[in-house]
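Undergrad:
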Amino acid sequence: MQRDTQVFELIGKELERQRSGIELIASENFTSLQSIQAMGSVLTNKYAEGYPGHRYYAGCEIVDQVEQLAIDRLKQIFDIEYANVQPHSGAQANAAVHLALLQPGDKILGLDLSMGGHLTHGSPVNYSGRLYDAHFYGVKKETGYVDYEQMEAQAQKIQPKVIICGASAYSRDWDYKRIREIADSIGALVMADIAHPAGLIAKKLLNDPFDYCHIVTSTTHKTLRGPRGGVIMMRRDFENPFGQKDNKGNLKLMSSLLNLAVFPGIQGGPLEHVIAGKAVAFGEILTDEYTQYAKQMQANAQYLAKLLVNKDYNIISGGTDNHLVLIDLRNKNISGKKAEQALVKAEITCNKNMVPFDDKSAFVTSGVRLGVPAITSRGFVEKDMEFIVDSFDKIITHSEDESVIASVKSEVNNYMKNFPLYPELG
Ligand code: DSN
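Per the numbering used here, the sequence shown starts with residue 2, numbered consecutively.
1) Is it right to say ARG237 is buried, meaning 16 or more other beta carbons lie within 10 angstroms of its own, or is it exposed?
2) Is it buried or exposed for SER404, if we count other Cβ within 10 angstroms and need 16 for buried?
3) Candidates ASP394, SER362, ASP360: which alpha carbon is nearest LEU371's?
4) Can you list, in chain order, the residues of its chain with a C-beta nearer than 6 Å to that of LEU281? Leave out the 5 residues immediately preceding and following it.
5) I'd like to know if the region 204-215 and the region 162-178 are in contact, where contact means that at least 3 CB-CB pairs between them fall below 8 Å.
6) TYR83 to PHE283, Cα distance in whole Å?
7) Judging by CA-CA distance, which residue of ASN354, LYS361, HIS274, ALA407 is the nearest neighbour of SER42?
8) Beta-carbon within less than 8 Å of ILE195's beta-carbon, same chain only, minus the 5 sequence neighbours each way: which residues are those?
9) Taking just the CA atoms, how far does LEU44 sit from LEU225?
10) Please tell me whether, using a cut-off of 8 Å, the distance from the CB of GLY118 to the nearest non-hydrogen atom of the ligand DSN is below it.
11) Where does GLY1 sit, in a helix, a strand or coil, going by DSSP?
12) What residue range is occupied by the uninterrupted alpha helix (DSSP H) comprising ASN332?
13) Rounded to whole angstroms, how far is the Cβ of TYR138 from the Cβ of GLN151, which I believe are closer than 8 Å?
14) Going straight from the alpha carbon of THR377 to that of GLY427, what length do you get?
15) Quick one: using the 10 Å Cβ neighbour count with 16 as the cut-off for buried, is ARG18 buried or exposed?
16) Please say whether SER336 and LEU327 have beta carbons closer to each other than 9 Å?
17) Locate the beta strand (DSSP E) running through MET355, then write down its first and last residues.
18) Can you tell me where the beta strand (DSSP E) with SER219 in it begins and where it stops?
19) Near the ligand DSN, which residues have their beta-carbon less than 5 Å from any of its heavy atoms, given in chain order?
20) Sort ASN323, VAL64, ASN334 by Cα distance to PRO198 and report the nearest one.
21) Under the DSSP definition of a beta bridge, which residues are partnered with VAL369?
22) Among the residues of its own chain, which have a CB less than 7 Å from the CB of TYR213, if the five just before and after it don't count?
23) What's the call for THR32, buried or exposed, on a 16-neighbour Cβ count within 10 Å?
24) Do GLN245 and ALA97 count as a contact pair if the criterion is CB distance below 9 Å?
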């Protein structure tokens, strides 16, 4: 068969783009070459609807072992009893949890998208806000921290079945114990979406959600540094108080409802090649090298925040506990959209982001979100944050000066030559 040069030339160009620039999108990372190789393997050819040992197709003996390896490693990482590694994405993982727990029209309570939350936590443009009766809590205007009093007041007033915690653009740790107390006071369940900080939680650098949150979801490609995908986890299984009863009158176990919600509920055949990539990444997370990586990620983010504050950038909440910072650019007289556009010309990639109490739309925004998972994988340590902040500041303060942008781009490209990415790929 003729080589598809069109597609592979584009892949080559994307590799070059990833190599030459500074990647600051908080939800992106560079998964290992062996994880990529597992994804690009013959496992993509196999249909395996069902779960290990219980499939609807023959010939699953090998993929059963692959999937079981991914499950076992994930259980070891987080010290949990239950893991489902089949969700194709974090959004699918969340949809499956909702399907397992809720009926259409049921009430949910999540962090407002404009305050750092996620589409699948009840946004009106997402299935979660269309199928369920979604309500929100926010962050405190004065501090930028989650407003737990508001969460409690909303919970008491609305009586949601599920309280969702977790965020896409929130740099502080969560008080899972307090959230559980609020949920217990109204008989609700707690779902934590740890897609962003999962890698730091895995290494105990942040609070552990598993003892307090009934169900925990994550993506696998952000701080966990695996392939794109999702997972659902529980430290302990339990009988779902909102679920149907079996024919003996017992409430069904959450694990069986979650498995049924993923397949056949919202997905067909699992992507066993991606699950193999997840298994590889989970194996890597169990190593000391990854522990060092997670610590470096947190140290980099904290130093990045400090340097930005020194240059009079307004960091929401004043700093960070995790891998990201959210910057309100209003005192710099530039929108998030303009900042993103100018930065990408200099090959510094980040995303515009609404900040709490933003007066601009989601298409314009007053802020940008910067994250360090990808650059930490490239080998950046604290002192490299100085280069990032200097380059970032030059662009923000000269966003329409093409000669400054061109000179920063050239400095960025030269700098990145010191941090090889996938050198094996030539
Ligand atoms: N879009 C992802 C992020 O950037 O945080 C979340 O799904």
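In this text, a Cβ means the ideal position worked out from N, Cα and C, and glycines have one as well.
TA: Reading from the atomic positions:
1) exposed
2) exposed
3) ASP394
4) Residue 281 is actually Val in this sequence, not Leu. Closer than 6 Å at the Cβ level, and outside the excluded window around VAL281, lie GLN35, SER36, ALA39.
5) yes
6) 15 Å
7) HIS274
8) GLY167, ILE202, PRO210, VAL217, THR218, SER219
9) 22 Å
10) no
11) In this structure the chain extends from 2 to 427, so residue 1 is not present and cannot be described.
12) Note, ASN332: premise wrong, no alpha helix (DSSP H); not H, not E.
13) 5 Å
14) 21 Å
15) exposed
16) no
17) Counting along the chain, MET355 falls outside any beta strand (DSSP E), and DSSP gives it neither H nor E.
18) 216-220
19) SER28, SER169
20) ASN323
21) ILE328, LYS353
22) TYR177, LYS178, ILE180, ARG181, VAL191
23) buried
24) no
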